[in-house]
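Inspection log for the structure reproduced underneath, given as structure tokens.
Residue numbers (our numbering): 62 to 295.
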């Protein structure tokens, strides 16, 4: 389980997170929604050690993540799919995927990881020798997701997976997220497409200017009048 308590993060004099608390239980999809600048990406970056915390605690299956180096966190079973995909543009699709397996102690698992990635993303198998920088935005998102799977994680943090994609590709990406969940992977999903995020989640949190302002069953929030007005265009 991922458990965050009273987490505060500042960028100089600017308070990005003002004491947030949230938890993700094993096997859940939990969505974190909010406007630009609310602190969603900062939350994920702090979990994975890319941004230091000012105070509070983050534990993952009994491990103190604030005392764990970011390169070690992936070995605990957590993968992070960053906002903007961040593929290695001058490397092939397969080379990008193989980079996701750097933490595996037994490198014989790389082949199995590739099989798993290609099972979820058949299009990547067709383009395995193509430079990642020549792919479409949707295909690059598939590479980022496939790369995360290579470490055989139990938990995946996803940051804006639908950003910049056509509505059809958004549906494809969210279908894959639900497939991963069905396989038993726990997911913390940061997403501006609140309707899609809430429609597939078990629970959700609303983050506004560094504070959790609402939380609860995702379906309840999907039909909450305040959430609908603020995030669903209703």
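We put the beta carbon where it would ideally sit given N, CA and C, even for glycine. Please read these numbers as outputs of a predicted model, since none were measured by experiment.
Using the C-alpha atoms, what's the distance from residue j back to residue i?
i	j	result
residue 209	residue 161	6 Å
residue 65	residue 119	5 Å
residue 116	residue 107	11 Å
residue 254	residue 159	30 Å
residue 195	residue 89	34 Å
residue 238	residue 180	14 Å
residue 185	residue 132	26 Å
residue 225	residue 80	31 Å
residue 275	residue 172	43 Å
residue 140	residue 134	8 Å
residue 170	residue 177	11 Å
residue 63	residue 156	30 Å
residue 175	residue 211	7 Å
residue 130	residue 123	15 Å
residue 279	residue 74	33 Å
residue 241	residue 286	30 Å
residue 291	residue 223	19 Å
residue 142	residue 284	28 Å
residue 93	residue 251	5 Å
residue 183	residue 189	10 Å
residue 121	residue 127	10 Å
residue 214	residue 247	9 Å
residue 258	residue 151	32 Å
residue 138	residue 187	28 Å
residue 220	residue 109	12 Å
Spatial neighbours of residue i within its chain, please: CB distance less than 7 Å, with the 5 preceding and 5 following residues excluded, ordered by chain position.
i	result
residue 77	70, 71, 100, 103 and 271
residue 191	153 and 154
residue 245	88
residue 234	202, 222, 223 and 226
residue 261	90, 235, 238 and 239
Could you pull out every residue in the same chain whose Cβ sits closer than 8 Å to the Cβ of residue i, ignoring the five residues on either side in sequence?
i	result
residue 269	95, 96 and 99
residue 68	78, 80, 81, 82, 104, 107, 114, 116, 117, 118 and 119
residue 148	157, 193, 194, 196, 201, 204, 205 and 208
residue 293	255, 256 and 283
Mapping DSSP to helix, strand and coil, what is residue i?
i	result
residue 188	coil
residue 179	helix
residue 123	coil
residue 270	coil
residue 281	helix
residue 208	helix
residue 152	coil
residue 258	helix
residue 195	helix
residue 130	coil
Quick one: what's got a C-beta closer than 6 Å to residue i's C-beta in the same chain, skipping five residues either side?
i	result
residue 136	164
residue 84	64
residue 265	92, 259, 279 and 282
residue 218	105, 141 and 249
In terms of DSSP beta bridges, what is residue i paired with?
i	result
residue 158	In the DSSP output, where bridge partners are listed per residue, residue 158 has none listed.
residue 218	141 and 249
residue 200	Per DSSP, none; premise fails for residue 200.
residue 146	Its beta-bridge partners do not exist; DSSP assigns none.
residue 276	266
Determine, using beta carbons only, whether residue i comes closer than 8 Å to chain B.
i	result
residue 118	Of the protein chains in this structure there is only one, and it is not chain B.
Where in the stretch 223 to 254 do unbroken runs of the alpha helix (DSSP H), each at least 4 residues long, occur, reported from the N-terminal end onward?
228 to 243
So within the stretch 62 to 123, which uninterrupted beta strand (DSSP E) runs reach at least 3 residues, ignoring any that extend past its ends?
63 to 72, 75 to 85, 90 to 94 and 116 to 121
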